[in-house]
Amino acid sequence: MANPEENLNPVNYEMNRIFLKIGKIQESSFKSKDGKRKTAVLLLGAGRVCYPAADLLVSSGSDSCCRFWKTFLEHYAEDWDDIEVIVASLYLKDAEEITEDFANATAVQLDVTDSEKLFMYISQVEVVISLLPPSCHLTVANACIELRKHLVTASYIDDSMSSLDEKARNAGITILGEMGLDPGIDHMLAMRMINQSHLQKKRVKSFMSYCGGIPSPESANNPLAYKFSSNLAEAIRAGSNPATYRYEGKTVKVEGKDLYDSAVRLRLPDLPAFALECIPNCNSLIYGDAYGIGHEASTIFRGTLRYEGFSEVMGTLTRIGLLDTEVHSFLRSSRRQLFRDFLLELLKIKGESKGSTIGEKDISDSIISSGLCKEQETAVRVAKTIVYLGLHEPTEIPSSCQSAFDVTCHRMEERLSYLKNEQDMVLLHHEIQVESADGQHTECRKATLLEFGRTWNGKTTSAMALTVGIPTAIGALLLLTNKIKTRGVLRPIEPEVHNPALDLLQAYGFKLIETVEF
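Count along the sequence shown from 1, then add 10; that gives the number in the numbering used here.
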């Protein structure tokens with residue numbers, strides 16, 4: 011008798027072998043005392059964002075999130091069992107650090123390029139949350155489609171993910187992307203205000219959105235008034251991205267090299283203590299289409315928030331050449347170069363002996379005389395930043411640094427990271443101007459989220475980790491309870507997502523403030 015596996019191509023043969031192995035493993039995996047299979051969620055990635063997501067998912071029987079679970083059980087889940095969480099990481103130790111506080115969580119080692127293990131763990135759960143880099147999501151998404159499991163990510167939905175929409179719908183699953191802070195909560199608050207306005211037959215004339223992760227005031231204790239929690243290089247590169255927005259009917263385009271110079275001072279009347287500035291953030295016009303206001307709003311702007319003065323310093327560092335990404339000939343020498351000597355090279359300061367020192371005044375005077383900065387106050391702050399970073403020190407540059415960008419990132423990673431008990435802050439603010447159908451009445455609708463890092467039992471969780479991790483966990487819960495019924499690739503701009511999600515975010519304790527001014 012012929013072996014049916016002989017008719018399978020090599021790929022299908024391998025998939026069949028994996029599924030047989032999975033079936034054997036599932037027989038003993040995640041069973042409750044009565045023999046029933048527990049509800050399970052797989053968290054991929056064990057970075058900072060993972061902990062608050064795992065904490066919420068496993069806390070249904072604890073007092074730590076009492077208000078959240080009361081709201082959830084009253085409005086979104088008629089029947090509920092505890093969740094078993096699998097935390098998977100390339101490094102087992104990282105996963106174990108997440109799960110050590112939780113009784114119903116398991117740490118596993120997983121390389122997502124290992125398709126057999128990836129399929130094995132996805133098969134054991136109902137929902138997957140991918141907190142991996144965006145480049146990994148497509149691999150995970152295809153596995154979820156194959157195994158008919160829902161997927162949640164906090165990353166932007168790019169063209170490659172969008173192309174999976176039909177496959178996901180045919181598989182009967184939801185791929186819920188952009189379920190973090192920005193993107194994520196920003197979508198939710200924007201769409202709630204816009205939908206409410208449209209239901210009242212009002213037109214949106216202006217949409218202004220600002221969002222930023224910055225140090226809490228007491229932690230903004232360096233000349234740049236900024237610190238990096240993760241992905242430092244990516245954050246710095248964002249400062250050279252071009253931007254496009256619409257202002258009073260005119261499309262404004264900002265080249266990447268001019269981005270820092272385009273920053274403007276910002277004061278929020280409801281938060282007068284914060285001296286802020288905003289930097290245009292990529293292409294704002296795509297949100298006009300996504301939010302359904304592209305045809306009616308004469309102003310559509312999204313900006314990144316920083317403390318005032320940040321852009322002047324970063325813009326000047328850019329003009330000095332400290333953020334250039336090309337390999338620098340000075341750093342290709344066979345002998346190890348010094349930070350001080352490289353700074354002298356960039357500032358074109360000649361005649362300094364190798365044993366000499368360079369101080370703040372020397373640096374600020376050089377910046378002014380070279381025309382790199384016009385304002386003395388700014389030049390002094392830039393000099394203080396350079397000295398704070400140690401870019402003037404007579405110590406050796408690591409051989410791995412091949413560009414000025416590498417050198418600056420190396421020093422920023424050392425000097426601009428959060429200390430153990432320091433807290434960050436997340437501020438998200440929307441303002442929309444709406445008018446009545448007859449144009450006779452206008453109003454301003456505002457929505458604000460202000461969240462600080464939290465410390466429990468000596469463990470600090472950043473505001474950024476909370477505002478990204480908690481929405482992903484809420485997305486998983488809404489899929490587990492079938493409150494999100496739409497299948498395919500989805501963003502939280504749909505009411506079936508953002509209405510319950512915002513309700514649960516507030517129940518968790520996030521301070522979401524919405525006001526209307528006439």
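Virtual Cβ for every residue (Gly too), placed ideally from N, Cα, C.
query: Would you call cysteine 288 buried or exposed, if buried means 16 or more other Cβ atoms sit within 10 Å of its Cβ?
result: By the neighbour-count criterion, in which a residue is buried when 16 or more other Cβ atoms sit within 10 angstroms of its Cβ, cysteine 288 is buried.
TODO: Tell me whether proline 143 is buried or exposed, calling it buried when 16 or more other Cβ atoms sit within 10 Å of its Cβ.
DONE: The residue is exposed, with fewer than 16 neighbouring Cβ atoms inside 10 Å.
Exercise. Helix, strand or coil: which one does DSSP assign to glutamine 443?
Worked result: Under the three-state reduction of DSSP, glutamine 443 is assigned to strand.
Please classify lysine 80: does DSSP put it in a helix, a strand, or coil? Three-state result, lysine 80: helix.
- Item | Reduced DSSP category for histidine 508 - H, G, I as helix; E, B as strand; rest coil | Correct three-state label for histidine 508: helix.
Roughly how many whole angstroms lie between the Cα atoms of isoleucine 368 and methionine 324? Distance between the alpha carbons of isoleucine 368 and methionine 324: 21 Å.
Can you tell which of Asn492, Ala486, Arg316, Asp196 has its C-alpha closest to the C-alpha of proline 227? Nearest C-alpha to proline 227: Arg316.
Check your understanding: Ordered along the chain, which non-local residues of its own chain (more than five positions away) have a Cβ less than 8 Å from that of arginine 421?
Key -> So the list reads Phe349, Leu399, Gly400, Leu401, once near-sequence residues are dropped.
| task | Would you list, in sequence order, the uninterrupted beta strand (DSSP E) runs of no fewer than 3 residues that lie entirely inside the stretch 264 to 339? | result | For the stretch 264 to 339, whole beta strand (DSSP E) runs of length 3 or above, ordered along the chain, are 274 to 278, 281 to 290, 309 to 317.
Whether tyrosine 535 touches proline 290 by CB criterion (8 Å): One cannot answer for residue 535 here, as it falls past the ends of the chain, which runs 11 to 528.
(request) Could you name the residues of the same chain whose beta carbon sits closer than 6 Å to that of serine 250, not counting the 5 residues immediately before and after it, in chain order? (result) The answer, listed in chain order, is Gly266.
(message) If you reduce the DSSP assignment to three classes, tell me which class phenylalanine 528 lands in.
(response) Secondary structure at phenylalanine 528: coil, using DSSP grouped into helix, strand and coil.
| said: If I follow the unbroken alpha helix (DSSP H) through arginine 350, where does it start and stop? | reply: Arginine 350 -> alpha helix (DSSP H) spans 349 to 357.
- Quick one: what does DSSP say leucine 460 is sitting in, helix, strand or coil? Leucine 460 falls in the strand class under three-state DSSP.
Terminal residues of the continuous alpha helix (DSSP H) containing cysteine 146?
Neither: cysteine 146 is in no alpha helix (DSSP H) and is coded neither H nor E.
Pull up the distance between the alpha-carbon of serine 410 and that of glutamate 244, whole angstroms please. Answer to the nearest angstrom: the Cα atoms are 18 Å apart.
- prompt: When the Cα atoms are used, what is the spatial distance from threonine 335 to glutamate 527?
  reply: In this structure, the CA atom of threonine 335 is about 47 Å from the CA atom of glutamate 527.
Point to revise | Cutoff 6 Å; reference alanine 87; Cβ partners in own chain excluding five residues on either side | key: Same-chain partners within the cutoff: Thr491.
Check your understanding: Quick one, are the C-beta atoms of valine 444 and glutamate 453 less than 8 Å apart?
Key -> Yes, they are a contact pair.
Item to complete: Have a look at the DSSP bridge pairing and note the partners of phenylalanine 217.
Response: Answer is Ile310, Ile442.
Open item on the list: For a quick check, are the C-beta atoms of glycine 5 and threonine 261 less than 8 Å apart?
Closed with: Given a span of 11 to 528 for the chain in the structure shown, any question on residue 5 remains unanswerable.
**Beta-bridge partners of tyrosine 255, as assigned by DSSP** = Assignment of beta-bridge partners to tyrosine 255 by DSSP yields Val262.
query = When the Cα of phenylalanine 82 is compared with those of Ile523, Leu489, Lys521, Pro505, which residue comes out closest?
reply = Measuring from the Cα of phenylalanine 82, the nearest candidate turns out to be Leu489.
Am I right that leucine 66 and alanine 511 are in contact with their C-beta atoms under 8 Å? What's the rounded C-beta distance? Leucine 66 to alanine 511, Cβ: 13 Å. No contact.
*arginine 497 in three-state terms, based on DSSP*: DSSP, reduced to helix, strand and coil, places arginine 497 outside both helices and strands of the structure shown, so it counts as coil.
| request: Inspect the CB distances between the stretch 184 to 198 and the stretch 468 to 488 and report whether three or more fall short of 8 Å. | output: Result yes; three or more Cβ-Cβ pairs closer than 8 Å.
Under the assumption that leucine 429 contacts leucine 460 (Cβ atoms under 8 Å), give the Cβ distance between them as a whole number of angstroms.
Contact flag wrong, Cβ pair sits at about 22 Å.
Helix, strand or coil at valine 59 [DSSP, three-state] = DSSP places valine 59 in coil when its eight states are reduced to three.
Practice task
Determine the burial state of cysteine 447: buried for a count of at least 16 other Cβ atoms within 10 Å of its Cβ, exposed for fewer.
Solution key: Checking the sequence, you will find alanine at residue 447 rather than cysteine. With fewer than 16 other Cβ atoms from the protein chains shown falling within 10 Å of its own Cβ, alanine 447 counts as exposed.
What's the C-alpha gap between alanine 389 and alanine 457?
-> In a straight line, the C-alpha of alanine 389 is about 36 Å away from that of alanine 457.
*Scan the stretch 176 to 237 and note each continuous beta strand (DSSP E) run of 3 residues or more that stays entirely inside, going in chain order.*
Runs of the beta strand (DSSP E) lying entirely within the stretch 176 to 237, each at least 3 residues long, are 184 to 186, 213 to 225 in chain order.
Worksheet item: From what residue to what residue does the beta strand (DSSP E) around threonine 477 run?
Response: It is not in any beta strand (DSSP E) - threonine 477 instead sits in the alpha helix (DSSP H) that spans 473 to 490.
Q: Please say whether leucine 515 and isoleucine 195 have beta carbons closer to each other than 8 Å?
A: Yes, these two residues count as a Cβ contact at 8 Å.
**OP:** Work out the CA separation of glycine 259 and serine 308 for me, nearest whole Å.
**Re:** So the alpha carbons of these two residues sit roughly 4 Å apart.
* To do: Quick one: measure Cβ to Cβ for leucine 128 and alanine 153, integer angstroms, because I've assumed they're closer than 8 Å.
  => So it is a contact: roughly 5 Å between Cβ atoms.
Task: glutamate 84 to valine 397 span [Cα, whole Å] - done: Whole-angstrom Cα-Cα distance: 56 Å.
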